[in-house]
Amino acid sequence: MDPTSELGQIWDQILDVLARIVAPDWGALVNLIPLALAPLVLLFVAAVALAWVAYGVRKPRARVRYVLGPRPAEFLPDGTALFPAGYPFDASRALVYPAGAVHGDDGAPLTVACPLCKVERSAELTTCGNCGLVLRIAATTRVAAPSGPPAGGAAAA
Ligand SMILES: [Zn+2]
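For the sequence shown, the tail end lands on 161 under our numbering, and the numbers increase by one without skipping.
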């Protein structure tokens, strides 16, 4: 057995391993790039979807309460009823009615406090007798208007 040829074989193997590290098969490695990127893309898509769902669950929402009828007034700790200015109220039953109401459910006339000077008056009066502030509540109901002129033409209107 020739020791020089054995050493040469070992040296050849070392060179072979080094050649794989220094000059790899780039074509095969380039074909593996999509396999390496696919998990990253999937992770990104999953993170975006998760963030989207999390925002949808936690996003701030406007809380809308429709108060159609009278609501009970708030009370101070000493039992005094608090009536918000500008809203008609029934002091004897401690009920606050929606803006624009003139009579209570039982037909009794309502009272309203002026938002400007806080002087109370009948809800039927739109103008404050003390400061002259006009409390005019516009109707929120929308009425559809005809798109064309009335029957008989525009001149008839
Ligand atoms: Zn007033």
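No residue lacks a Cβ here, since even glycine has one placed at the ideal position from N, Cα and C. Note that this is a predicted model, so its numbers are computed, not measured.
**Message:** In the DSSP output, which residue or residues are listed as bridge partners for L86?
**Reply:** L86 is bridged by DSSP to E78.
**Message:** Once DSSP output is grouped into helix, strand and coil, what is the label at E128?
**Reply:** DSSP, read as helix, strand or coil, puts E128 in coil.
**Asked** Using a Cβ-Cβ cut-off of 8 Å (strictly less than) and excluding sequence neighbours within five positions of E124, which residues of its own chain qualify?
**Response** Around E124: T115, V116, A117, C118.
**Request:** Spell out a yes or no on whether the segment 67-83 and the segment 35-53 are touching, meaning 3 or more CB-CB pairs, one atom from each, closer than 8 Å.
**Result:** For the pair of segments examined, the segment 67-83 was found not to touch the segment 35-53: the number of CB pairs separated by less than 8 Å stays below three.
**Item:** Endpoints, alpha helix (DSSP H) assigned at A51
**Value:** From DSSP, the alpha helix (DSSP H) with A51 extends over 30-62.
**Prompt:** Is it true that the CB of L99 sits closer than 8 Å to the CB of G108?
**Reply:** At a Cβ-Cβ threshold of 8 Å, G108 and L99 count as neighbours.
**Prompt:** Roughly how far, in whole angstroms, is the beta-carbon of A127 from the beta-carbon of V106, given that I think they are within contact range, below 8 Å?
**Reply:** That belief holds up - the Cβ atoms of A127 and V106 are roughly 5 Å apart, short of 8 Å.
**Message:** Report the CB separation of A103 from I141 in whole angstroms; it is logged as a contact under 8 Å.
**Reply:** So it is a contact: roughly 5 Å between Cβ atoms.
**Item:** Whole-angstrom distance between L41 and V21, CA atom to CA atom
**Value:** C-alpha separation (whole angstroms): 27 Å.
**Prompt:** Does any heavy atom of ligand 1 sit closer than 7 Å to the C-beta of L129?
**Reply:** Judged by the Cβ position, L129 fails to qualify as a neighbour of ligand 1 at the 7 Å threshold, every heavy atom of the ligand being at least this far.
**Prompt:** For ligand 1, which residues count as neighbours when the test is a C-beta closer than 5 Å to any heavy atom?
**Reply:** With 5 Å as the limit between CB and the heavy atoms of ligand 1, the residues that fall short of it are C118, L120, C121, C132, N134, C135, L137.
**Prompt:** Taking just the CA atoms, how far does V34 sit from Q13?
**Reply:** Their backbone Cα atoms lie some 32 Å apart in a straight line.
**Request:** Could you tell me the distance, in whole angstroms, from the CA atom of T130 to the CA atom of G156?
**Result:** Here the alpha carbon of T130 sits roughly 38 Å from the alpha carbon of G156.
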